[in-house]
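Here is the structure we will look at.
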Amino acid sequence: MKLLRRAIALTLFLCMGTFAFAQEYITTQGRLSDPDFYRLISCGAPPGGDCNKPIVRWSSRDARRLTVGITRIDPAFPASRIPQIEAAVSSAIQQLNNSGADIKLRPSANRPKIPILLLDIPEGGTLHGTGISGLDGIEIEAARVQI
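Going left to right, the sequence shown walks through residues -22 to -1, 1 to 125 as mature numbering (1 follows the signal peptide of the UniProt record, and there is no 0) numbers them.
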């Protein structure tokens, strides 16, 4: 479940709006502490290091009415995994809403603020057609996941 929370956190980061894409990823070794992971995704800080860009966040108003949902499922994506993913997203929404954080998520399949794309992209393939500025055109490397 911790991995799912981190995946959702990364999703939140990727969908926040303005990005500094001079370096869109940082390579790390081993597990990260929760504070190191949060700083990595919120401001590009390497573990134990300083932020590489301003911390990205939603306004308080927007944070209380965020929508999240699966907006794309590639035909080659394993259909057997979709119910598990949908259940995990639902559980993550519930956990985040019950966490006490000043954020409120609700599921929505109609143009959610936080889109989840289930893509079938081979190693070395390029992201395209996501509709997310700054994400299209990025090459997927080995063992790299883009959410």
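For every residue, glycine included, the Cβ atom is placed at its ideal position computed from N, Cα and C.
For clarity, every value in this text was computed on a predicted model and none was experimentally measured.
In DSSP terms, what residue i is bridged to
i	result
GLU64	DSSP lists no partner for GLU64.
THR104	GLU117
LEU83	LEU44
Simplified DSSP assignment, three categories, for residue i
i	result
ARG35	coil
PRO93	strand
ILE19	helix
GLY109	coil
ILE4	coil
ARG43	coil
PRO56	coil
PRO13	helix
ILE48	strand
ILE99	coil
SER69	helix
ASN30	coil
ASN88	coil
Proximity to residue i [Cα-Cα], best of the options
i	options	result
ASP28	ASP40, ASP14 and ALA41	ASP14
GLY47	LEU105, ALA65, ASP40 and ALA79	ALA65
ILE118	GLY107, ILE99, THR108 and GLN72	ILE99
SER111	PRO93, GLY103 and GLY102	PRO93
ASN88	ASP114, ALA70 and ARG50	ARG50
SER68	PRO85, ILE33 and LEU96	PRO85
GLY107	ARG35, ASP52, GLY26 and GLU101	ASP52
GLY26	SER38, LEU97, ILE4 and GLY102	ILE4
CYS21	GLU101, ASP12 and VAL34	VAL34
Rounded distance between the beta-carbons of residue j and residue i, thought under 8 Å
i	j	result
ILE81	LEU113	Not a contact, Cβ separation roughly 22 Å.
ASN30	ALA23	6 Å
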